[in-house]
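Q: Residue numbering for the sequence shown follows numbering that gives the first Met the number 0, starting at 0 and increasing by one per position.
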Amino acid sequence: MSALPASVSQRWAAAHGLGSQHKAVKYLGQDFETLRRQCLDSGVLFKDPEFPACPSALGYKDLGPHSPQTRGVVWKRPPELCASPQFIVDGARRSDICQGDLGDCWLLAALASLTLNEELLYRVVPRDQDFQQNYAGIFHFQFWRYGEWVDVVVDDRLPTEDGELLFLRSGTGGEFWGALLEKAYAKLNGSYEALTGGSLVAGLQDLTGGICECYDPRKPPAGLFQIVQKALRAGSLLACSIDVSSAAEAEAETTTSQKLVKSHAYSVTGVEEVDVRGHPEKLVRLRNPWGEVEWTGAWSDSAPEWNHIDPRRKEELDKRAEDGEFWMSFSDFSRQFSRLQICSLSPDSLSGDQLHKWNLVLFNGRWTRGPTAGGCPSFP
Numbered sequence: 000m001s002a003l004p005a006s007v008s009q010r011w012a013a014a015h016g017l018g019s020q021h022k023a024v025k026y027l028g029q030d031f032e033t034l035r036r037q038c039l040d041s042g043v044l045f046k047d048p049e050f051p052a053c054p055s056a057l058g059y060k061d062l063g064p065h066s067p068q069t070r071g072v073v074w075k076r077p078p079e080l081c082a083s084p085q086f087i088v089d090g091a092r093r094s095d096i097c098q099g100d101l102g103d104c105w106l107l108a109a110l111a112s113l114t115l116n117e118e119l120l121y122r123v124v125p126r127d128q129d130f131q132q133n134y135a136g137i138f139h140f141q142f143w144r145y146g147e148w149v150d151v152v153v154d155d156r157l158p159t160e161d162g163e164l165l166f167l168r169s170g171t172g173g174e175f176w177g178a179l180l181e182k183a184y185a186k187l188n189g190s191y192e193a194l195t196g197g198s199l200v201a202g203l204q205d206l207t208g209g210i211c212e213c214y215d216p217r218k219p220p221a222g223l224f225q226i227v228q229k230a231l232r233a234g235s236l237l238a239c240s241i242d243v244s245s246a247a248e249a250e251a252e253t254t255t256s257q258k259l260v261k262s263h264a265y266s267v268t269g270v271e272e273v274d275v276r277g278h279p280e281k282l283v284r285l286r287n288p289w290g291e292v293e294w295t296g297a298w299s300d301s302a303p304e305w306n307h308i309d310p311r312r313k314e315e316l317d318k319r320a321e322d323g324e325f326w327m328s329f330s331d332f333s334r335q336f337s338r339l340q341i342c343s344l345s346p347d348s349l350s351g352d353q354l355h356k357w358n359l360v361l362f363n364g365r366w367t368r369g370p371t372a373g374g375c376p377s378f379p
């Protein structure tokens, strides 16, 4: 029997729920449960033939096989890096995500926002895996790709240098869900280097299947603070960045005098309104995925503004730690940042209380080099 036409095959898959969040497509035909069972039965840890631990998985240019940056890289499994590796400890947190030697802050900012929504997080990071029960060196993650959910399998061999993870790592050093997710996303995109300099919108959408709205805080719509507040309450993912004026400035990741990094993605993790001597002050909380380098202006850690609010509110909000997370006034945020991106998980408008009807139209086709495949904003 000849193969079904692509359009018929796609309709059949959709009719049977394939590609939905409950029945993700097996990327490259690899089934996690089948492969894990084979490994457990044979007593051999999984080695992924589709994304092997070799130089080509790292990259093709700056991280290519003969690049000075990849000399000395050794692939190691978590049990080789610490005595008692953990997949997730006491739930996933923003502090689990610290950027390594890879320019994927856009992905990490989106991932840090994802930790604020547990239901969403465990759609991307399935719970049925750890380093203790049924450990076989294999893990899997789910991403939204071309209008459907795909399940991506990886082995747990991670690139290291001098005994330390080369790329994403946790703040504690013994938690590996973030590093393994980064590897799965690299596999989906061809290599680790393919994640360098991507789009915040792409990261948000690939982790949620949501709909993104973009704002310019310097030219805000009416009620932008309320829009952000409502978005966070609805479980939406938010991220922001500061545009640069030249490619050279972007390459250098220029830092402002008050320690904000240009051409760098931050997560928006909270908003609050406090009373300052009888006057309301709107605050916004951001996180740098580096896990360090924080805003030093008004309302930063240990700034004098904290002394002018109720001591109980100060104790509740003013966490003095060099962890990459900080508060700033919403007015300073609007002056400093040039992009705010909100990824909504439903088609309801965030700009008002009235619901709006949306129409969904899907077009199935393929990207073709030249006419339709134009790259992302960072690589046009």
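We put the beta carbon where it would ideally sit given N, CA and C, even for glycine.
1. Let me confirm a value: Val275 is counted as buried when at least 16 other C-beta atoms fall within 10 Å, else exposed. Which label applies?
2. Output needed for Phe50: all residues of its chain with C-beta closer than 7 Å, excluding positions within five of it in sequence on either side, in chain order.
3. Can we say the segment 295 to 311 touches the segment 106 to 123, given the rule of at least three CB pairs closer than 8 Å?
4. Compare the Cα-Cα distances from Val88 to each of Phe130, Ala264, Gly290, Glu321 and report the closest residue.
5. What is the rounded straight-line gap between the Cα of Ile241 and the Cα of Ala135?
6. Helix, strand or coil, according to DSSP, for Gln37 in the structure here?
7. Do you know offhand how far Thr33's Cα is from Arg93's?
8. Per DSSP, Asp274 forms a beta bridge with which residues?
9. As an exercise, report each continuous alpha helix (DSSP H) stretch of at least 4 residues that is fully enclosed by the segment 118 to 175, in chain order.
10. Just checking, does the segment 137 to 152 make contact with the segment 229 to 236 on the three C-beta pairs under 8 Å criterion?
11. At what residues does the alpha helix (DSSP H) containing Ala193 begin and finish?
12. What are the residues that DSSP puts in a beta bridge with Leu339?
13. Does Leu444 come out as helix, strand or coil in the three-state DSSP assignment?
14. State buried or exposed for Ala320, treating a residue as buried only when at least 16 other CB atoms are found within 10 Å of its CB.
15. List the residues that DSSP assigns as beta-bridge partners of Gln85.
16. On the DSSP letters alone, give me the boundaries of the alpha helix (DSSP H) that Glu79 sits inside.
17. So, for Val7: in the same chain, excluding its five sequence neighbours on each side, which residues have a beta-carbon less than 6 Å away from its beta-carbon?
18. Applying the criterion that 16 or more other CB atoms from any shown protein chain within 10 Å of the CB defines a buried residue, is Arg36 buried or exposed?
19. Between the C-alpha atoms of Leu339 and Asp30, what's the straight-line distance to the nearest angstrom?
20. Taking three-plus beta-carbon pairs below 8 Å as touching, is the segment 91 to 107 in contact with the segment 161 to 181?
21. Tyr191 and Leu62 look like a contact to me (Cβ under 8 Å); what is the Cβ gap, rounded to whole Å?
22. Taking 7 Å as the limit between beta carbons, can you name the residues of its chain near Thr195, skipping five residues before and five after?
23. Shortest alpha-carbon distance to Gln128 belongs to which of Val270, Glu147, Phe86, Lys313?
24. Taking the beta carbon of Lys182 as the centre, do at least 16 other beta carbons fall within 10 Å, making it buried, or is it exposed?
25. Quick check on Arg93: does DSSP put it in helix, strand or coil?
26. Which residues does DSSP list as the beta-bridge partners of Phe325?
27. Would you kindly work out how many angstroms separate the C-alpha atoms of Gln132 and Leu39, rounded to a whole number?
28. What three-state label does DSSP hand Val200 in the structure shown?
29. If we cut at 8 Å on Cβ distances, does Phe224 have a partner in chain C?
30. Leaving out the 5 sequence neighbours to the left and right, which residues in its chain are closer than 8 Å to Gly369 when beta-carbon positions are compared?
31. Taking its Cβ as the centre, do 16 or more other Cβ atoms sit within 10 Å of Gly364, making it buried, or is it exposed?
32. Going by DSSP in three states, Ser6 sits in which element: helix, strand or coil?
A: Concretely, from the data shown:
1. Label assigned to Val275: exposed.
2. Close CB contacts of Phe50 within its chain, under the 7 Å cut and outside five residues either way in sequence, are with Ala56, Val153, Lys186 (chain order).
3. Between the segment 295 to 311 and the segment 106 to 123, the count of Cβ pairs shorter than 8 Å is below three; the stretches do not touch.
4. The residue with the shortest Cα to Cα distance from Val88 is Phe130.
5. About 43 Å.
6. In the structure shown, Gln37 falls within a helical segment according to DSSP collapsed to helix, strand and coil.
7. The alpha-carbon atoms of Thr33 and Arg93 are separated by roughly 32 Å.
8. Answer is Pro279.
9. Listed in chain order, there is nothing to give.
10. Segments in contact, no.
11. Membership of Ala193 in any alpha helix (DSSP H) is not indicated, and neither H nor E is assigned to it by DSSP.
12. BP columns for Leu339 point to Tyr214, Cys239.
13. There is simply no residue 444 to check, as the chain begins at 0 and stops at 379 in what is shown.
14. Ala320 comes out exposed.
15. DSSP output for Gln85 lists Glu174 as bridge partner(s).
16. Residues 77 to 80.
17. Bear in mind that a pLDDT of 43 at Val7, under 50, signals an unreliable position, so the model cannot answer this.
18. A residue is called buried when at least 16 other Cβ atoms come within 10 angstroms of its Cβ; Arg36 does not meet this threshold and is exposed.
19. Distance between the alpha carbons of Leu339 and Asp30 is about 37 Å.
20. The segment 91 to 107 vs the segment 161 to 181: in contact.
21. Rounded, the Cβ-Cβ distance is 6 Å, consistent with contact.
22. If the five residues before and after Thr195 are omitted, its C-beta is found closer than 7 Å to the C-beta atoms of Leu101, Gly102, Asp103, all from its own chain and listed in chain order.
23. From the listed residues Val270, Glu147, Phe86, Lys313, the smallest Cα separation to Gln128 is found for Phe86.
24. With 16 or more other Cβ atoms within 10 Å, it is buried.
25. Correct three-state label for Arg93: helix.
26. For Phe325, the pairing in a beta bridge is given by DSSP as Leu285.
27. Their Cα atoms are separated by approximately 11 Å.
28. When secondary structure is reduced to three states using DSSP, Val200 falls in the helix class.
29. Judged by its chain identifiers, the structure shown contains no chain C, having just a single protein chain.
30. Correct list: empty, nothing qualifies.
31. Flag for Gly364 reads exposed.
32. Because the pLDDT of Ser6 is 48, which lies under 50, any placement of that residue in the model is unreliable, and the question is left without a value.
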